[in-house]
């Protein structure tokens, strides 16, 4: 599956260029139990899985995903191997409140996530979710 492909790519790069830092950005693998572990066993330097948005907007923004599954995936990677940096990202401008963003930050910290990126959501086309607010 997809997790095995990530692992093979990490192994391939490590064998040919051991000094290269490797960051992977993974999906939730459709919540397949322990798929994340296949990737983590290959030991990327950074394991990135984006939370994307606040819990109240998940059904609208990520209808096939679940907030707490994504949060748990990141925490499980850290529990499995604390030397792997974990990272996540969130988009703002979809209608979330400042309090909700701060709560996501707290949740990620509680899951021992090392890095967080925050980006302004930009509507790619008219059929995508409307920008609620451009955050200065």
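Numbering (the UniProt record's numbering), first residue to last: 1 to 136. The beta carbon of each residue, even a glycine, is placed where N, CA and C say it ideally should be. Since the structure is predicted, the reported quantities are computational estimates derived from the model, not experimental observations.
Taken through DSSP and simplified to helix, strand or coil, residue 11 comes out as helix.
Of the other Cβ atoms in all chains shown, 16 or more fall within 10 Å of the Cβ of residue 6; this residue is therefore buried. The alpha carbon of residue 78 has as its nearest neighbour, out of 11, 49, 8, the alpha carbon of 49. Contact annotation: residue 58 and residue 92 have beta-carbon atoms that are not nearer than 8 Å. Considered as a whole, the UniProt domain "Radical SAM core" (1-136) harbours 23-25, 46-48, 85-92, 115-120 as its complete beta strand (DSSP E) runs of no fewer than 3 residues, in chain order. Here residue 47 is near residue 39, since their CB atoms are less than 8 Å apart. At the C-beta level, residue 115 and residue 98 stay beyond 8 Å of one another. By the Cβ test, the stretch 8-17 is not in contact with the stretch 63-77, since fewer than three Cβ pairs between them sit closer than 8 Å. Between the alpha carbons of residue 56 and residue 28 lies a gap of roughly 19 Å. With a cutoff of 8 Å on beta-carbon distance, residue 84 and residue 43 are scored as near each other.
Per the coordinates, the alpha-carbon of residue 95 lies some 24 Å from the alpha-carbon of residue 113.
Cβ neighbours of residue 111 within its own chain (closer than 6 Å, five residues either side excluded): 71, 74, 75.
Less than 8 Å divides the Cβ of residue 67 from the Cβ of residue 51.
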